[in-house]
Every structure is written in structure tokens, then in C-alpha cells.
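Heads up, the first sequence is in the numbering used here, so the first residue is 10 and it goes up one at a time. I have placed the structure first, in the form of C-alpha cells, so that the comments after it can refer back to it.
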Amino acid sequence: MYQKLKGTYDILPSESDFFRYVMQEVSSIAGLYGYKEIQFPILEYANLFQRGVGDSSDIVVKKEMYVFEDRGHRLVALRPEGTAGAVRLYIENGLHMSGHTQRLFYIGPMFRAENPQAGRYRQFTQFGFELIGDPSPDADVELIAINHHLAKRLGITGVTLYLNSIGCRECRPVYQQRLTEYLTSHKDGLCEDCQMRLTINPLRVLDCKEEICQRIVRQAPLQYEHLCEACQAHFEAVKASLTSLGIAFEIDPYLVRGLDYYNRTVFEFKSASLGAQSTFSAGGRYDYLVKDLGGMDTPATGFAMGMERLAMVIEASTGKKRTDFYRPPFVYVAGIGESLSQAVWQALSFLREHGISATTEFRYTQLKKHLKSADKLRSSYAVLLGEDEVQKGIWTLRNLQTGEQIQDSPAEIVAFLRAKKEKAD
RNA sequence: GUGGGUAUAGCUCAACUGGUGAGAGCACCGGUCUGUGGAACCGGGGGCUGUGGGUUCAAGUCCCACUAUCCACCCCA
């Protein structure tokens with residue numbers, strides 16, 4: 010038997026309405042904030058991601074990218090994240106020439122060759138929001154506000170927003186220097202991994218979970234205490250704006266982003282209901298990336314949300330299962346007897362033309378079978394079509410919850426159903 | 001890449017310390033019931049017990065390897 014690849018998953022027909030609901034809510038929020046959807050390839054030149062994501066990120070260092078040579082001997086990769094592709098799209102299509110800030114969002118599959126775990130897949134879905142061209146603190150705040158709004162809209166509870174500033178290319182090296190000095194002086198007390206991190210990316214030592222490292226880290230100098238004036242002002246403005254919007258946050262001085270391109274504001278939304286992979290949305294400012302990828306010097310900020318994790322959070326906080334979102338066809342058409350195919354088709358078409366979802370089982374001729382099918386599909390109504398109805402040119406409509414039946418002309422019944430359907434929606 | 005748990009029907013799980021043809025519930029199909037479903041009753045199909053080796057008179061059960069899956073580390077959405 011063929012099996013799906015490790016770290017991938019199937020969405021079954023009983024679950025797909027749930028995911029569609031989540032996606033619709035997200036794109037509806039995007040619309041409310043004036044974000045336009047963009048689409049870019051899943052497959053790109055591998056060096057776009059190597060540049061974009063950064064050489065010290067684990068995606069590159071630990072070879073978590075799906076990279077291969079295509080038939081033209083081009084080195085290509087399945088995108089491990091969306092920002093690099095979005096920025097490439099921005100630059101290649103000259104969107105900066107439009108003269109205003111670009112508010113973009115995307116949704117789609119991402120790929121990382123990691124070992125799967127609860128809430129972590131090799132193929133997963135992210136929706137990302139990117140705000141390109143605005144350096145203001147309030148641009149960062151807008152993205153956080155979108156997360157906040159979305160959580161509220163989806164009925165998510167028990168989430169915490171963690172916030173930090175990681176400085177800029179002016180103040181970060183100064184801080185890193187101090188941090189490195191401090192950590193080097195305590196090198197012997199650090200775990201093996203951290204001794205290595207010390208040379209690659211000392212910031213990573215900060216969120217090491219080893220107790221021996223934690224003891225040293227607790228005394229370490231903190232970035233947000235060593236911000237330059239401009240970064241300090243930016244960070245204060247973000248905090249002030251969040252406070253005035255009534256969005257609660259916690260400063261996490263050890264919050265560091267895995268991707269190299271971030272500066273200043275970084276944030277994560279975590280849920281206690283998720284297990285070890287508790288972050289379901291994360292983002293921050295990336296003022297250097299556009300230029301690094303060959304564009305003009307352009308400030309930018311954004312975030313990405315993991316759909317699978319978001320789905321788990323929704324289930325945990327609403328108590329609903331994904332199958333609870335299933336939407337059955339509204340009407341089931343039951344053709345009773347032989348040679349009714351034409352009448353059944355006419356009824357189905359008439360219903361569908363009026364926006365009413367309808368289905369049938371062509372293979373059944375007995376009413377009993379039909380009703381069982383309608384029951385299994387969980388349809389609300391059944392249209393009964395036998396020789397009587399066909400001769401008289403009427404339909405019998407059965408309410409499948411109450412068993413109530415009425416007979417009327419197709420036009421009247423469709424009008425009735427449309428009213429009922431609007432109520433149900 | 002590393003560590004631990006698990007692997008029996010489509011799903012959830014049984015099968016005493018190894019011992020006669022591997023069971024149940026749900027689901028599925030059919031019948032009781034040829035224009036009235038959800039219930040009940042009766043019947044039916046389905047499993048080389050994850051794969052491959054080994055120990056034994058005898059393996060679903062014990063041992064080894066592999067694979068898959070879950071959880072965790074690393075890291076991340």
C-alpha cells in the first residue's frame with residue numbers, strides 16, 4: 010500500500026470545510042486591513058532562500074531545505090518560508106514604483122525536512138502578511154493588531170503575545186560583542202551545543218533550555234537594555250501603541266528569531282494548548298532584506314502564521330472538532346422508481362441554478378435507500394420525486410429533521426428553501 | 001540527526017504467565033420493510049496480527065533488525 014511521505018498529512022472530506030473556514034476568516038481579515046493576496050512559486054532558485062533566510066539559520070545550516078537539481082541543472086528548492094519569495098516578487102515586479110506602502114498576504118504550503126512532531130510537519134501551510142515600505146513603529150503594531158483581531162474573531166483564548174527588540178545593525182554588533190565577551194568568559198559552563206552557537210550565532214544561547222546555560226544566561230546583558238537611541242524610541246513607540254490599543258503583551262528579552270533577516274521588533278503568539286511547539290504565529294521587522302535581495306533600501310515588517318497550529322488552537326479553545334464544521338449538501342433529491350433520471354436531473358439543476366446545493370444517489374430507486382443516504386449526508390431537506398410528482402409537475406419536500414412534508418410547485422419550493430437556507434447561514 | 005512510547009479489521013480496542021480455526025463495539029453491505037430515514041433484530045463481507053529474520057513441539061504474545069507513527073530534544077509556523 011502506498012503511504013504518504015513522512016511529515017505530510019491528508020485533509021479528509023469531513024474536515025475540509027473546517028480548513029476552508031479558517032482560510033476564509035484569514036483572507037477576510039486581510040481584506041479588512043487592506044492587504045492584497047499575492048501568489049508566487051513554491052519552487053524557486055535555492056540561492057534565493059539561502060540569501061533570504063540567512064546562512065546561519067538552521068534551515069540552511071542543518072540542510073532543512075528540500076534542494077535538488079532540475080533537468081536544466083538549476084539548483085532549485087521548495088520554499089521553506091514565504092518572506093523571501095514575497096520580497097523577490099516585490100522587487101522583480103517593481104512594486105516599489107507604485108509609490109505607496111505594499112500590504113501583501115499569501116497562503117500556501119511550505120517545506121522543511123525536519124523531524125515531525127506535534128504541530129510540526131514537513132509540508133505545512135503558512136499565511137503570511139508583509140507590510141513593505143513603512144518604517145514606523147505603527148506598521149509593526151498593525152501586524153500585531155491583525156493577529157489580535159484574528160484570534161478574537163476565531164474565538165481563540167489563552168494566547169500570550171511575547172515581544173522583544175533585537176536592535177539594528179548599529180546597536181546589535183555592539184551588544185553582541187558584549188554578550189560574546191560575557192559568554193566567552195563563562196564558556197566552560199555552557200553546554201556543548203551552546204559552545205558551538207557561540208561562534209555561529211551567540212544570540213541563540215539566550216533561549217537554550219539547558220539549566221546550566223540558563224543560570225549563565227540569567228546574568229547576561231540583554232539586548233533591549235543596549236538599544237541605540239533610534240531603536241529604543243522605536244521599541245517604546247510600539248509598546249505605547251499596543252498599550253493604547255488595549256493589546257496585552259509580555260516582554261521576552263530572550264526572544265530571538267531563527268531567521269537572520271529580522272531587526273528591531275520581533276514577536277510571537279503562543280498558546281498553552283499546543284504542547285512543545287506553542288508558537289502559532291511569529292514575525293517582526295526586516296528592514297535589510299529587500300536591499301539584501303537586490304532591491305532598494307526599503308523598510309519592511311511582517312509575520313507568518315502556521316495554519317495547522319492555528320487549527321489546533323481553534324479546536325482547543327472553542328471545544329469544537331474539525332468535523333463539526335462539515336457543511337452537508339442542503340437538499341437531497343430522491344428519485345423513486347425506474348426511468349426518473351430526467352426528472353432527477355431537472356430538479357437538481359433547478360435547485361443549483363438557484364444557489365441551493367443539492368445531490369443524489371443515482372444508483373438508488375427505493376425511497377428507503379434514498380432517505381438513508383440523505384441521512385448519512387446530513388442534508389436538511391429531501392425532494393421526493395415519484396411517478397405521482399412527475400405526472401402532476403410538483404415536488405414533495407420532506408424536512409429531514411421533523412419529518413414534515415409539503416407538496417408544491419418547484420418554484421414555490423425553491424423559494425421556500427432559499428428562505429430557510431438564508432436563515433441557516 | 002538523537003532519545004522514548006506504540007504498531008492486531010476502515011476506526012477504537014480485546015486475546016490469562018507463548019497453547020486448539022484471532023474476537024468485540026462502531027462503521028460498511030444486505031434482509032425483516034418494493035413511497036418514508038435515524039431505532040431494533042437477524043445475517044454478511046472484510047485481518048498473510050506493520051515488514052523480514054530468529055528462539056520454540058507451538059509466536060499476535062519472547063528476541064533482533066528494518067519501516068511507519070506518536071511524543072520529546074534540536075529548531076521552528
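Glycine included, each C-beta is placed from N, C-alpha and C at the ideal position. Here the structure is a predicted model, which is why all the values come from computation and not from measurement.
Original post:
Smallest Cα separation from Leu212: which of Thr307, Asp269, Asp434, Ile165?
Top reply: Reading the first sequence from its first residue, position 203 is the one you call residue 212. Among Thr307, Asp269, Asp434, Ile165, the Cα nearest to that of Leu212 belongs to Asp269.
Subject >> Minimum C-alpha distance to Gly364 - residue among Pro182, Ala428, Leu98 >> reply: Locating residue 364 in the first sequence gives position 355, counting from the first residue. With distances taken between Cα atoms, Gly364 lies closest to Ala428.
Subject >> Endpoints, alpha helix (DSSP H) assigned at Ala291 >> reply: Indexing the first sequence from 1 puts residue 291 at position 282. Run containing Ala291: none in the alpha helix (DSSP H); it sits in the beta strand (DSSP E), 288-294.
Original post:
How far does the alpha helix (DSSP H) with Asp26 in it reach, from first residue to last?
Top reply: On the first sequence, position 17 is the one that residue 26 refers to. That run of the alpha helix (DSSP H) goes 25-41.
**OP:** Count the other CB atoms, across all protein chains shown, that sit within 10 Å of the CB of Arg162; report buried if there are 16 or more and exposed otherwise.
**Re:** Stepping through the first sequence from its first residue, residue 162 is reached at position 153. The residue is exposed, with fewer than 16 neighbouring Cβ atoms inside 10 Å.
Original post:
Any idea what DSSP makes of Asn56, helix, strand or coil?
Top reply: Here residue 56 refers to the residue found at position 47 of the first sequence. Asn56: helix per DSSP, three-state reduction.
Original post:
Under 7 Å between the Cβ atoms of Phe339 and Ser280?
Top reply: The residue given as residue 339 occupies position 330 in the first sequence. The residue given as residue 280 occupies position 271 in the first sequence. Contact: no.
Original post:
How would you call Tyr11, buried or exposed, if buried means at least 16 neighbouring beta carbons within 10 angstroms?
Top reply: The residue labelled residue 11 in the question sits at position 2 within the first sequence. Exposed, because fewer than 16 other Cβ atoms sit within 10 Å of the Cβ of Tyr11.
**OP:** Grab the span of the alpha helix (DSSP H) containing Ser250 for me, first residue to last.
**Re:** For the purposes of this step, residue 250 is identified with residue 241 of the first sequence, where counting begins at 1. Counting along the chain, the alpha helix (DSSP H) containing Ser250 begins and ends at 238-254.
Original post:
Going by the beta-carbon positions, is the gap between Gly43 and Arg112 smaller than 7 Å?
Top reply: Along the first sequence, one-based indexing puts residue 43 at 34. Along the first sequence, one-based indexing puts residue 112 at 103. A contact, by the Cβ cut-off of 7 Å.
**OP:** Can you grab the Cα-Cα spacing for the pair Tyr30 / Gly128, in whole Å?
**Re:** Taking the first residue of the first sequence as 1, we reach residue 30 at position 21. Taking the first residue of the first sequence as 1, we reach residue 128 at position 119. Each residue's alpha carbon lies about 19 Å from the other.
Original post:
Which residues bound the alpha helix (DSSP H) around Gln186?
Top reply: Here residue 186 refers to the residue found at position 177 when the first sequence is read from its first residue. Segment 180-194, the alpha helix (DSSP H) holding Gln186.
Original post:
If we count Cβ pairs, one from each stretch, closer than 8 Å, do we get three or more for the stretch 238-255 versus the stretch 141-154?
Top reply: yes
**OP:** Could you check if Tyr18 is buried or exposed, using at least 16 other CB atoms within 10 Å of its CB as the buried criterion?
**Re:** The sequence position of residue 18 within the first sequence is 9, counting from 1. So Tyr18 counts as exposed.
Original post:
If you drop the 5 nearest sequence neighbours on each side, which residues of the same chain put their C-beta closer than 7 Å to that of Lys430?
Top reply: As a working note, residue 430 is residue 421 in the first sequence. Around Lys430: Phe339, Ile365.
**OP:** Whole angstroms is fine: what's the gap from Gly292's alpha carbon to Ala433's?
**Re:** Along the first sequence, read from residue 1 onward, the residue named residue 292 stands at position 283. Along the first sequence, read from residue 1 onward, the residue named residue 433 stands at position 424. Cα to Cα, Gly292 sits roughly 38 Å from Ala433.
**OP:** List the endpoints of the continuous beta strand (DSSP E) containing Asn272.
**Re:** The count along the first sequence starts at 1 and reaches residue 272 at position 263. It spans 272-280 - the beta strand (DSSP E) in which Asn272 sits, taken as one unbroken run.
**OP:** Taking all protein chains shown into account, decide if Asn272 is buried (16 or more other Cβ within 10 angstroms of its Cβ) or exposed.
**Re:** If you number the first sequence from 1, residue 272 lands on position 263. Looking at its Cβ environment, which holds 16 or more other Cβ atoms inside 10 Å, Asn272 is buried.
Original post:
Of all the alpha helix (DSSP H) runs that stay within the bounds of the stretch 327-352, which reach a length of 4 or more residues?
Top reply: none
**OP:** Take Thr134 as the anchor and find which of Ser358, Gly40, Gly402, Met314 has the nearest alpha-carbon.
**Re:** Taking the first residue of the first sequence as 1, we reach residue 134 at position 125. Comparing Cα positions, the closest option is Met314.
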